[in-house]
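**Q**
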Amino acid sequence: MDTSFKQRVLTIVKKIPQGQTMTYGQVAALAGNSKASRAVGMILSKNFDPAIPCHRVVKANGDVGGYNRGRENKLKMLQNEKIVSLT
DNA sequence: CGTATGACGTGCA
DNA sequence: GTGCACGCCATAC
């Protein structure tokens, strides 16, 4: 385990509540560097841990950004938990 | 240490 | 609203 920036980002993303989304810059800011938005994206891209809801991380302009399993899958998940807020 | 890469952010025309 | 360019940071070699 490396107590590095990536570890911090992963922990934050992991804490993102369902139905909620955060921007890379926001996660980066919480990680310690509000300018490390790119680094955040790279880290998530290299991380394939299913325990990390990286699909809840979007770009600052509201774009879905990307996903290690395909943008389509990300959009689907967001639509599944973000849109569908019904029990 | 220097270079290259990448799921970004912001500014300007 | 759209397109382009620059900056910023972390990781890998």
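The first sequence begins at 6 in this note's numbering and counts up by one.
We put the beta carbon where it would ideally sit given N, CA and C, even for glycine.
(1) Does the segment 8-25 come close enough to the segment 65-77 to have 3 or more Cβ pairs within less than 8 Å?
(2) Under the three-state reduction of DSSP, which class applies to V69: helix, strand or coil?
(3) Per DSSP, what are the beta-bridge partners of M27 in this structure?
(4) Where K64 and R43 are concerned, what is the direct C-alpha to C-alpha distance, given to the nearest angstrom?
**A** Let me lay it out:
(1) Not touching, per the Cβ criterion.
(2) Coil at V69, not helix or strand.
(3) M27 pairs with V62.
(4) Spanning the two alpha carbons is a distance of roughly 10 Å.
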